[in-house]
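Heads up: the first sequence begins at 97 in this note's numbering, then just goes up one per residue. Below you'll find the structure, written out as structure tokens, and then a few comments.
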Amino acid sequence: MSQFKSEFLNIMVERGFYNQCTNESAFDDYLYECEKSGKPAVGYLGSDPTGDSLHVGHIVPLMMMRWFQKCGHKPLTLVGGATARIGDPSGKDKLRPFLDEDTLKHNIEGLKKSFSKFLKFGNSANDAVMVDNWDWFKDINYLAFLRDIGTYYSVNRMLTMDSVKSRLDREQPMSFLEFNYMLLQGYDFCELYQKYGCRAQIAGSDQWGNITSGTELGRRKYDVELFGFTSPIITDSNGKKMGKSEGNAVWINEDKLPSYDYYQYFRNIGDAEVGKCLRIYTDLPIDEIRRLEALRDQEINEAKKILAFEATKICRGEEEAKAAQETAIATFEKGLAGGDLPCLEKVSVEGLSMLDAFVELGFIASKGEGRRLVKQAGLKINDKVISDENYKFSSADLIDGQIKLSQGKKKHGLIKIA
RNA sequence: GGAGGGGUGGCAGAGCGGUCAAAUGCAACGGACUGUAAAUCCGUCGACUUCGGUCUACGAAAGUUCAAAUCUUUCCCCCUCCA
């Protein structure tokens with residue numbers, strides 16, 4: 097009844113992770129053999145440290161790797177210390193600014209943290225391993241590289257690759273530096289094959305060109321079939337990429353985004369996305385997901401709560417997920433002030449300007465914006481709309497030693513007496 | 001090296017001496033309707049403000065002018081074509 101022999105591929109299809117594979121049946125055979133023999137298949141996921149945390153948009157391949165590991169296989173997570181110094185031209189119009197050494201180092205630490213939330217690292221057979229391509233690129237000799245690797249690449253072929261072609265079609269400049277990116281990523285794949293016996297690369301579909309660069313190099317240089325496997329780009333109902341909230345990225349790392357906000361991102365997902373998101377962002381069994389996504393109208397909110405909780409649990413841990421959920425329930429369903437809301441601590445609130453407090457909480461960028469919101473009835477104190485833009489707090493506003501501040505319907509925060 | 005085109009708000013993109021805090025679109029934000037959804041409608045969208053205004057902004061600096069995003073000069077950056 098299942099489409100594939102291997103557990104991994106079946107899960108990928110069932111949960112909507114499968115977009116494209118370099119050789120579906122051979123990959124299936126390979127995985128199946130590994131699953132049967134108990135000897136893990138090795139696959140890798142690469143990410144360039146151009147930022148200090150991954151965000152929700154990166155979760156898709158991360159979850160693929162998570163399932164890969166759950167099926168008994170070994171994930172390698174590659175941080176592109178070297179490739180980040182080049183810049184992946186895929187989907188870009190411009191050369192990226194160069195990052196200095198300190199930033200790269202900082203970013204690599206951030207990525208490791210992000211990876212470790214989704215994968216188990218360690219020394220067992222199928223534990224994940226972190227690698228950095230800087231290790232093998234830093235001492236490489238240019239001439240040796242050209243002779244060893246360059247001979248296998250045809251410029252004619254490279255020019256047909258989407259990442260290059262689209263740039264040329266749009267008459268955007270592409271530097272020779274960026275043009276080399278796919279060679280590096282191809283080399284990575286082969287290096288991991290040599291070192292770890294890695295035969296698979298898993299990534300988003302925008303990486304297809306870079307992946308086939310690796311599989312082709314593997315075939316030509318080592319006479320081995322390497323596999324590439326990609327996910328579709330996950331978009332919301334408006335066709336926009338997932339992962340932005342209020343124009344800001346939804347970060348994986350907790351130092352970049354509070355768990356409550358992470359939870360709220362999933363809680364506020366559109367109805368049409370619930371099923372898709374449950375499959376992709378949670379570990380819930382597929383039967384349970386089918387039941388939840390069938391819910392309609394009011395009831396689908398239950399599914400969204402489960403989605404938000406489960407997604408937060410994977411990324412931030414069960415404790416954080418619970419706290420976020422409790423805060424959300426208290427705030428939205430009971431109209432109380434939940435404990436996990438953003439909070440200002442004050443010795444006294446007497447005479448404190450309301451606008452200053454909102455600015456300090458980060459809800460508004462300026463007092464001017466606050467004044468506008470007051471005119472539009474967008475600011476509330478203890479759930480009462482404030483119409484005086486110069487409102488000053490007094491101890492009469494305190495309820496149980498705190499004041500609840502709200503901006504719009506969704507942003508809530510507290511002032512507490514320290 | 002030569003010739004030409006260009007750098008404007010989060011992005012795209014008008015404006016080309018005053019009426020410009022800068023059209024329009026997208027994004028974003030608030031309100032209404034709902035379900036913390038979508039769609040729709042209305043409104044807002046540089047900062048400060050005692051709501052009269054004040055200040056800072058159209059790559060950077062200098063200049064012309066009563067007045068400059070708009071003209072001049074120099075510089076920086078980007079693109080196209082030629083060598």
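All residues carry an ideal CB built from backbone N, CA and C; glycine is no exception.
Going straight from the alpha carbon of residue 215 to that of residue 314, what length do you get? To locate residue 215, count along the first sequence from 1; it is residue 119. To locate residue 314, count along the first sequence from 1; it is residue 218. Straight-line Cα distance between these residues: approximately 27 Å.
Near residue 107, which residues of its chain fall below 6 Å by C-beta distance, leaving aside the five closest residues on each side in sequence? In the first sequence, the residue the question calls residue 107 occupies position 11. Excluding residues within five positions, the ones whose Cβ falls inside 6 Å are 163.
Of the residues 104, 196, 111, the one placed nearest residue 381, counting alpha carbons only: The residue given as residue 381 occupies position 285 in the first sequence. Of the listed residues, the one whose Cα sits closest to residue 381 is 111.
Contact under 7 Å by Cβ, residue 403 with residue 362: Counted from its first residue, the first sequence places residue 403 at position 307. Counted from its first residue, the first sequence places residue 362 at position 266. Going by C-beta atoms, residue 403 is nearer than 7 Å to residue 362.
With DSSP as the reference, label residue 157 as helix, strand or coil. Indexing the first sequence from 1 puts residue 157 at position 61. Residue 157: helix per DSSP, three-state reduction.
So residue 288 and residue 158 are in contact, right, with Cβ under 8 Å, and what is the actual spacing, rounded? The sequence position of residue 288 within the first sequence is 192, counting from 1. The sequence position of residue 158 within the first sequence is 62, counting from 1. Incorrect: roughly 18 Å between the Cβ atoms, too far for contact.
May I have the straight-line CA-CA distance separating residue 443 from residue 513, to the nearest angstrom? In the first sequence, counting from the first residue as 1, residue 443 sits at position 347. In the first sequence, counting from the first residue as 1, residue 513 sits at position 417. Taking the straight line from one Cα to the other gives about 5 Å.
Considering only DSSP beta bridges, list what residue 140 is partnered with. Here the question's residue 140 lines up with position 44 in the first sequence. DSSP lists 172, 297 as partners of residue 140.
Here's the rule: buried if 16 or more other CB atoms are within 10 angstroms of the residue's CB, otherwise exposed. What is residue 285? As a first step, residue 285 must be located in the first sequence, where it is residue number 189. By the neighbour-count rule (16 or more Cβ atoms within 10 Å), residue 285 is buried.
Secondary structure at residue 325, three-state DSSP: helix, strand or coil? Counting from 1 along the first sequence, the entry for residue 325 is found at position 229. Strand at residue 325.
Grab the span of the beta strand (DSSP E) containing residue 227 for me, first residue to last. Here residue 227 is taken as the residue at index 131 of the first sequence, counted from 1. Element bounds for residue 227: 225 to 228.
In the structure shown, what three-state DSSP assignment does residue 105 receive? To locate residue 105, count along the first sequence from 1; it is residue 9. Here residue 105 sits in helix by DSSP.
With a CB to CB cut of under 7 Å and the five nearest residues on each side skipped, what residues in its chain are close to residue 495? Along the first sequence, read from residue 1 onward, the residue named residue 495 stands at position 399. Contacts found: 478.
DSSP-derived helix/strand/coil call for residue 441: For the purposes of this step, residue 441 is taken as residue 345 along the first sequence, with counting starting at 1. If DSSP states are grouped into helix, strand and coil, residue 441 belongs with the strands.
Within this structure, are the beta carbons of residue 297 and residue 140 separated by less than 7 Å? By one-based count along the first sequence, residue 297 stands at place 201. By one-based count along the first sequence, residue 140 stands at place 44. Contact: yes.
Keeping to the same chain, check which residues put their C-beta closer than 8 Å to that of residue 97; ignore five residues upstream and five downstream. Along the first sequence, one-based indexing puts residue 97 at 1. The pLDDT assigned to residue 97 is 46, lower than 50, so where the model puts this residue is not dependable; a value taken from the coordinates is nonetheless given after this. The answer is none, since no qualifying residue turns up.
Measuring only the C-alpha atoms, how far is residue 137 from residue 307? Translated into the one-based positions of the first sequence, residue 137 becomes position 41. Translated into the one-based positions of the first sequence, residue 307 becomes position 211. Cα to Cα, residue 137 sits roughly 18 Å from residue 307.
With 16 other CB atoms within 10 Å as the buried threshold, where does residue 486 fall? By one-based count along the first sequence, residue 486 stands at place 390. The residue in question, residue 486, is exposed, as its Cβ has fewer than 16 Cβ neighbours within 10 Å.
With three or more beta-carbon pairs closer than 8 Å as the criterion, would you say the segment 346 to 358 touches the segment 381 to 395? no
CA-to-CA distance, residue 406 to residue 147, given in whole angstroms: Counting from 1 along the first sequence, the entry for residue 147 is found at position 51. Counting from 1 along the first sequence, the entry for residue 406 is found at position 310. When rounded, the distance between both Cα atoms is 25 Å.
Identify, in the order they occur along the chain, each residue of the same chain with its Cβ nearer than 6 Å to the Cβ of residue 186, setting aside the five sequence neighbours on each side. Residue numbering aside, residue 186 sits at position 90 when the first sequence is read from its first letter. Only 259, 302 meet the Cβ criterion.
Which residue wins for smallest C-alpha separation from residue 364, given the options 400, 377, 291, 474? Here residue 364 is taken as the residue at index 268 of the first sequence, counted from 1. That would be 400, whose Cα lies nearest to the Cα of residue 364.
Assuming residue 281 and residue 310 form a contact by the criterion Cβ under 8 Å, report the distance between their Cβ atoms to the nearest whole angstrom. Position 185 of the first sequence, counted from the first residue, corresponds to residue 281. Position 214 of the first sequence, counted from the first residue, corresponds to residue 310. The Cβ separation is near 6 Å, so the contact holds.
Could you check where the beta strand (DSSP E) with residue 507 kicks off and where it finishes? Position 411 of the first sequence, counted from the start, is the residue given in the question as residue 507. Start and end: 507 to 513.
Tell me the DSSP secondary structure of residue 498 in three-state form. Walking along the first sequence from the start, residue 498 turns up at place 402. DSSP places residue 498 in strand when its eight states are reduced to three.
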